[in-house]
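Participant: Going left to right, the sequence shown walks through residues 353 to 395 as the working numbering numbers them. Note that the Cβ used here is the ideal one computed from N, Cα and C, for glycine as well. My structure is below; once you've seen it, I'll send some questions.
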Amino acid sequence: MPRGYESMNDELVANQDVLLDQVRTLLKISQQNQAALERIQQT
């Protein structure tokens, strides 16, 4: 295994974790927006 590969791999995994968190946050926000929109349309 070339030197530095492991730390680069660790960095990629950490970046993926950050991206996953951001995607989850976006999904949560869009679900809240959808619910708010439905409430507005019902009035």
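(1) Please state whether DSSP places Thr395 in a helix, a strand or coil.
(2) Give me, in chain order, the residues of the same chain whose beta-carbon lies closer than 8 angstroms to that of Ser359; leave out the 5 immediate sequence neighbours on both sides.
(3) Between the C-alpha atoms of Leu379 and Gln393, what's the straight-line distance to the nearest angstrom?
Facilitator: According to the data block:
(1) Mapped onto the sequence shown, residue 395 falls at position 43. Coil.
(2) Taking the sequence shown and counting its residues from 1, the one referred to as residue 359 is at position 7. Cβ within range, chain order: n/a, list empty.
(3) Taking the sequence shown and counting its residues from 1, the one referred to as residue 379 is at position 27. Taking the sequence shown and counting its residues from 1, the one referred to as residue 393 is at position 41. About 21 angstroms.
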